Amino acid sequence: MPSEIIVNAEPFQTRVALLENGVATELYVERESEKGTVGNIYKGRVTKVLPGMQAAFVDIGLDKAGFLYVSDVDTIESIENYRKLAAEEVEDEDDEDLDFESEGEDEARPRGRGGRRRRGEKTQTIQDLLKENQEVIVQVSKEPLGTKGSRLTSYITLPGRYVVYMPTINQIGISRRIEDENERRRLRKLVRKNRQPGAGYIVRTASEGMPAEDIEANIGFLHALWDDILARNEQAEAPSLLHYNLNLIQRTVRDLFNSSVERMVIDDEQEHANCRSFLESYSPHLLPRLHHYQEEEPVFDHYGIELEIERALGQRVWLRSGGYIVIDQTEALTTIDVNTGRFVGKRNPEETILQTNLEAVREVVTQLRLRNLGGIIIVDFIDMEREESKEKVYNAFKEELRKDRSRTNILKISDLGLVEMTRKRVRDSLQRILCAPCPYCEGRGRVKSPASVGYEALREVSRARHAHRKSRKFLLNVHPDVGSRLLEDERRHVEEVERRLGVQLVIKADPELHLEGFEVIPV
């Protein structure tokens with residue numbers, strides 16, 4: 001389907017939207033203040049070796065020294081640990097399940113030491129591998145947390161669109177989501193043909209069915225990138241930054257911008273120039289599809305993306321037919337309720353319900369992707385009596401989910417009209433990125449009604465009368481909405497409290513008070 005990538009680059013944040021048929025389906029946000037160091041590659045210097053913890057501190061030029069465990073040092077013994085790390089480093093969640101195989105264990109391995117430990121070889125300790133003041137090339141695998149510095153690894157991973165390059169280990173992994181054996185053989189042969197001696201590769205799901213020249217170009221780019229890092233290492237003094245992890249625009253080029261995308265539009269001149277330079281070395285054949293947006297109207301307004309973002313932050317999403325879906329996010333799961341709304345249809349009720357459910361399927365998947373909802377998801381479709389109707393909706397749902405790059409697992413529609421599914425969570429949802437818990441309701445999404453607060457205030461008057469027996473007059477400070485309720489709709493009840501307690505109540509509206517707050521003061 002026709003797709004476009006629209007980039008809004010500002011000094012404080014960058015936003016990238018993927019449009020399919022003119023509709024925003026994915027949104028990515030990177031804020032300047034929240035950029036991390038994961039993926040950065042440094043030339044570091046070992047400052048302290050800790051035999052008791054089998055780890056070492058490495059100065060990489062940040063405020064705190066990084067932490068390098070023995071299992072993260074390039075050794076024969078830690079291949080299994082590296083496999084897990086490599087899977088985590090792959091940003092496309094499709095590729096976390098990998099089939100690894102060793103390549104040429106007995107050949108020379110100038111770029112890494114893969115393979116199995118030979119019988120009789122002693123397990124190496126941190127003090128065998130590292131010495132104080134030793135210079136090492138390391139990559140940040142986890143951000144600093146509290147008083148701890150960054151977690152480091154000497155196993156380098158360089159993710160590409162189709163392949164992840166692992167220059168320090170002799171392994172090849174292929175995503176298990178590529179199930180066709182002929183395709184797996186083709187890709188394995190292609191990687192072997194282009195591999196560097198002793199290096200490793202992960203073939204990502206996105207490579208399935210792609211032309212050999214595209215994959216070879218990706219591998220060549222990653223080889224050149226690693227050679228550039230090694231050249232910088234030769235010139236740099238420790239500690240130094242050798243490679244800064246790709247920014248959002250560059251990651252977009254790597255992961256999303258391919259021959260199926262009609263155009264990529266960037267509204268900032270400098271970022272457009274930077275992206276053009278990046279494309280020249282990464283995917284030069286895509287340069288004609290890169291455009292600089294120069295209109296006065298903000299680019300996200302021009303393409304209707306701002307409206308889609310506001311829509312994605314709401315609870316209710318209207319369908320073209322007049323029906324709507326209601327989306328509720330909780331800590332445990334996300335529920336989506338489908339309703340006919342204003343849509344009554346011109347056919348029989350079953351056809352109306354089927355039409356609404358089929359329309360809802362498309363919108364549900366769009367919202368899952370745009371809001372980046374993950375975890376357990378329950379979709380409550382309108383009840384259908386005919387089995388063929390349920391089958392149509394289920395098949396349409398499965399087909400629509402094929403557009404989603406995140407891994408999903410969907411179950412059949414239950415007798416109650418519910419679809420249970422899971423969607424791989426790889427980053428925060430749009431709501432978590434753009435919103436904060438409401439300071440007024442403390443994130444509950446609800447506040448007590450004025451009537452409820454008014455009744456609580458009157459009960460508090462009874463307590464105050466008991467505590468201040470000599471007082472015959474009390475000032476009741478309440479929110480204006482509560483005050484209006486007490487003085488109008490609840491006036492009779494206020495007078496009954498005054499009579500029963502033998503007191504006079506002076507009700508005063510205080511706009512500074514929280515709706516649920518009040519004060520009872522003896523006068």
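If you read the sequence shown in full-length UniProt numbering, its first letter stands for residue 1, the second for the next number, and so on.
Note that beta-carbon positions come from the ideal geometry of N, C-alpha and C, so glycine has one too.
As the structure is a computational prediction, the values presented were derived from the model and not from experiment.
In DSSP terms, what LYS148 is bridged to: LEU145
Select from GLN139, GLY200 and GLU234 the residue whose C-alpha is nearest the C-alpha of ILE219. Of GLN139, GLY200 and GLU234, the smallest CA-CA separation from ILE219 is found for GLY200.
Beta-carbon separation of GLY39 and LEU248 under 9 Å? no
Below 8 Å, can you find three or more Cβ-Cβ pairs linking the stretch 362-382 to the stretch 402-412? Touching, yes.
May I have the straight-line CA-CA distance separating residue 540 from ILE5, to the nearest angstrom? In the structure as shown, the chain begins at 1 and stops at 523. Residue 540 is therefore absent and cannot be evaluated.
What residues in its chain sit with their C-beta under 7 Å from that of TYR394, if we drop five residues either side in the sequence? LYS412 and ILE413
Grab the span of the beta strand (DSSP E) containing LYS43 for me, first residue to last. 41-50
Cβ separation of ILE126 and ALA55, assumed to be a contact under 8 Å, to the nearest whole Å: Yes, they are in contact, since the Cβ atoms of ILE126 and ALA55 sit about 6 Å apart, within 8 Å.
Apart from the five residues just before and just after ARG188, which ones in its own chain have a Cβ nearer than 7 Å to its Cβ? Excluding sequence neighbours, ARG188 sits near ILE172 and ILE174.
Measuring alpha carbon to alpha carbon, tell me which of TYR440, ARG472, GLY44 and GLY454 ends up nearest GLU135. GLY44
Do VAL164 and VAL191 come within 9 Å of each other at the CB atom, strictly closer than that value? no
Paired residues, beta bridge with ASN339 - DSSP: TYR324
Please classify HIS272 as buried or exposed, where buried requires at least 16 neighbouring CB atoms within 10 angstroms. buried
Rounded straight-line distance, which links the Cα of GLU400 to that of GLU388: 18 Å
Name the residue from PRO522, GLY517, LEU290 and GLN431 whose alpha carbon lies nearest to the alpha carbon of TYR440. When each option's Cα is compared against that of TYR440, the closest is GLY517.
8 Å contact criterion, which GLU359 and GLU385 should meet: CB distance rounded: Rounded, the Cβ-Cβ distance is 19 Å, inconsistent with contact.
In three-state terms, what does DSSP make of GLY66? It is a strand residue.
Let me make sure I understand the geometry here. Which of ARG31, PRO11, GLU213 and ARG176 has the alpha-carbon closest to that of THR205? When only C-alpha atoms are compared, the closest one is ARG176.
Close Cβ partners of LEU475 (< 7 Å) along its chain, the five nearest in sequence each way excluded: VAL506, LYS508, ILE521 and VAL523
Closer than 8 Å is the cut-off here; do at least three beta carbon pairs connect the stretch 413-432 with the stretch 447-458? no
Considering only residues of the same chain and omitting the five flanking positions on each side of GLU30, which have a CB-CB separation below 6 Å? THR14 and LEU248
In whole angstroms, what separates the C-alpha of GLU179 from that of LYS424? When rounded, the distance between both Cα atoms is 19 Å.
Measure the CB-CB distance between ARG196 and PRO167 and report whether it falls below 9 Å. First, the residue type needs correcting, since residue 196 is Gln and not Arg in the sequence shown. For GLN196 and PRO167, yes; Cβs fall inside 9 Å.
Alpha carbon of GLU442 to alpha carbon of HIS514, nearest angstrom: Rounded to whole angstroms, GLU442 to HIS514 spans 12 Å at the Cα level.
Look at the Cβ atom of PRO450, then the Cβ atom of SER484, and state whether they are nearer than 9 Å. yes
DSSP three-state assignment for ASP59, whether helix, strand or coil: In the structure shown, ASP59 sits in a strand (DSSP, three-state: E or B).
By the 10 Å Cβ neighbour count, where 16 or more other Cβ atoms means buried, how is ALA153 classified, buried or exposed? Note on residue identity: the sequence assigns Thr, not Ala, to residue 153. By the 10 Å Cβ count, THR153 comes out buried.
7 Å CB neighbourhood of GLU80 in its chain, flanking five on each side removed: Unreliable placement is indicated for GLU80, whose pLDDT of 47 sits below 50; the coordinate value is still reported in the next sentence. Around GLU80: no qualifying Cβ.
So GLY322 and GLY341 are supposed to be a Cβ contact under 8 Å. How far apart are they, rounded? GLY322 to GLY341, Cβ: 5 Å. Contact.
Check ALA212 in the structure and name its three-state DSSP category. In the structure shown, the three-state DSSP call for ALA212 is helix.
Which residues does DSSP pair with VAL497 in a beta bridge? Paired residues: none, contrary to the question.
Any idea what DSSP makes of GLU30, helix, strand or coil? strand
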